[in-house]
Amino acid sequence: SSKVKIEHVGSCCTLIAEKIFASNANFHVTDEIAYLLTGSILFGTLNFSSNAGKATKKDKQIYEQLLTCQTSRVDDFKLYKDLRQSTADITGMSIQDLLQKDAKQVAGPNMRLLISSLPSEYTVEKLIGELKTMKDMDEFLSKNDNADGVIILSLETHNDEIKRQLGFYAKKFEHMLPINEYIQREEHNLSLRERGIPINQARIKLFEQRNVQASSKEILPLIEQFIKDFAPQNSS
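For the sequence shown, counting from 1, position 163 maps to 163 in the UniProt record's numbering; every step adds exactly one.
What follows is the structure in structure tokens.
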């Protein structure tokens, strides 16, 4: 059996690198391995942005240790920028492709929701603006075990400024109110401010997420709890 390690860090590659350094002193971390791991840590911590609040002391410590394994120093900012641009490339992608690219499913006895993180710099607002009908949304849900709705997340970065948006679409109108009320609860600390949408559709909501430190890692457990507790109202 394998051991599972759960620890709050900005990048899972921080823990991978830590294990490499701790497990075998004879293992040679090549330039290529160090480059891959440092790139992932830069990406996960948003280049150690203080505004993002993702980086931990361990991320920084392991990152610095990886730098000592490189024969020549890589330009951190250029590497981070190149990675962001690469993940932002949506050439040839449809609405359904964008939603499916990073989708997680949360299922309970009475509801099934998806959480879709959009590619870098592509906002929820832009996706909603490109919808002509709800056909793409409904087909996306149908292809994912006939899910009841989708929570959509986006991230924009400009220098050290970070912006997040959260939206959701529900297949059934009766699911709108419970989802809407739940995600806006003060104890969830998402600091959501509702925005108008460019289409006339009552089953879509769009919010500016002012707590930019809450990523999908923080939102996923909230949705899991909602799904676990959700009980449909009796129609009688």
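In this text, a Cβ means the ideal position worked out from N, Cα and C, and glycines have one as well.
Keep in mind it's a predicted model, so treat the numbers as computed, not measured.
Inter-residue Cα distance where the pair is Pro232 and Phe226:
Answer to the nearest angstrom: the Cα atoms are 12 Å apart.
In or out: Lys54 buried (at least 16 other Cβ within 10 Å) or exposed?
Using a 10 angstroms sphere on the CB of Lys54, the tally of other CB atoms reaches 16 or more, which defines it as buried.
Please list, in chain order, all residues of the same chain as Met111 whose beta carbon is under 6 Å from its beta carbon, the five residues on each side excluded.
Leaving aside the five residues that flank Met111 on each side, the residues in its chain whose CB is nearer than 6 Å to its CB run, in chain order, Asp148, Ile227 and Phe230.
Return the residue from the list Thr45, Glu161, Ser94 and Leu114 that minimises the CA-CA distance to residue 265.
Because the chain is modelled from 1 through 236, residue 265 falls outside the range shown and cannot be assessed.
Can you list, in chain order, the residues of its chain whose CB lies under 8 Å from that of His175, leaving out five sequence neighbours each side?
Sequence-distant partners of His175 (beyond 5 residues in either direction) whose C-beta falls short of 8 Å from its own C-beta, in its chain, are Met111, Asp148 and Gly149.
Based on DSSP bridge pairs, tell me the residues matched to His158.
Residue pairing by DSSP places His158 opposite Glu161 in a beta bridge.
Going by DSSP, what residues sit across from Gly167 in a beta bridge?
In the DSSP output, where bridge partners are listed per residue, Gly167 has Ile152 and Leu206.
Whole-angstrom distance between Gly92 and Ser236, CA atom to CA atom
Residue placement at Ser236 is flagged as unreliable, the pLDDT there being 43, under the threshold of 50; the coordinate-derived value follows with that caveat. Rounded to the nearest angstrom, the two C-alpha atoms are 47 Å apart.
Comparing alpha-carbon positions, which option in Pro198, Thr45, Pro221 and Leu46 lies nearest Val124?
From the listed residues Pro198, Thr45, Pro221 and Leu46, the smallest Cα separation to Val124 is found for Pro198.
Name the two residues that bound the continuous beta strand (DSSP E) containing Arg193.
It spans Leu192 to Arg195 - the beta strand (DSSP E) in which Arg193 sits, taken as one unbroken run.
Answer yes if the segment 27 to 45 comes into contact with the segment 55 to 74, meaning at least three C-beta pairs across the two stretches below 8 Å, and no otherwise.
In short, these stretches touch, since the Cβ pair count reaches three.
Would you report the Cα separation of Pro178 and Leu166, rounded to the nearest angstrom?
Rounded to whole angstroms, Pro178 to Leu166 spans 16 Å at the Cα level.
CA-to-CA distance, Glu161 to Gln85, given in whole angstroms
A straight line joining the alpha-carbon of Gln85 with that of Glu161 spans about 16 Å.
Ser236 - DSSP class collapsed to helix/strand/coil
Interpretation of Ser236 is limited by its pLDDT of 43, a score under 50 that renders its predicted location unreliable; the figure taken from the coordinates is listed afterwards. Residue state, collapsed to three classes: coil.
Spatial distance of Ala107 from Asn180 (CA atoms)
Cα to Cα, the separation comes out at about 18 Å.
Helix, strand or coil at Ile6 [DSSP, three-state]
DSSP, read as helix, strand or coil, puts Ile6 in coil.
Quick one: measure Cβ to Cβ for Leu42 and Leu79, integer angstroms, because I've assumed they're closer than 8 Å.
Their Cβ separation, rounded to whole angstroms, is 6 Å, which keeps Leu42 and Leu79 in contact under 8 Å.
Residue interval of the beta strand (DSSP E) (run including Gln105):
Gln105 -> beta strand (DSSP E) spans Ala103 to Ala107.
Just tell me which of Gly196, Asn211, Ile151 and Gln201 has its CA closest to the CA of Glu187.
Comparing Cα-Cα distances from Glu187 to each of Gly196, Asn211, Ile151 and Gln201, the minimum goes to Asn211.
Which residue wins for smallest C-alpha separation from Ile20, given the options Glu208, Leu206 and Leu37?
That would be Leu37, whose Cα lies nearest to the Cα of Ile20.
Whole-angstrom distance between Leu113 and Arg193, CA atom to CA atom:
When only Cα atoms are considered, Arg193 and Leu113 end up about 22 Å apart.
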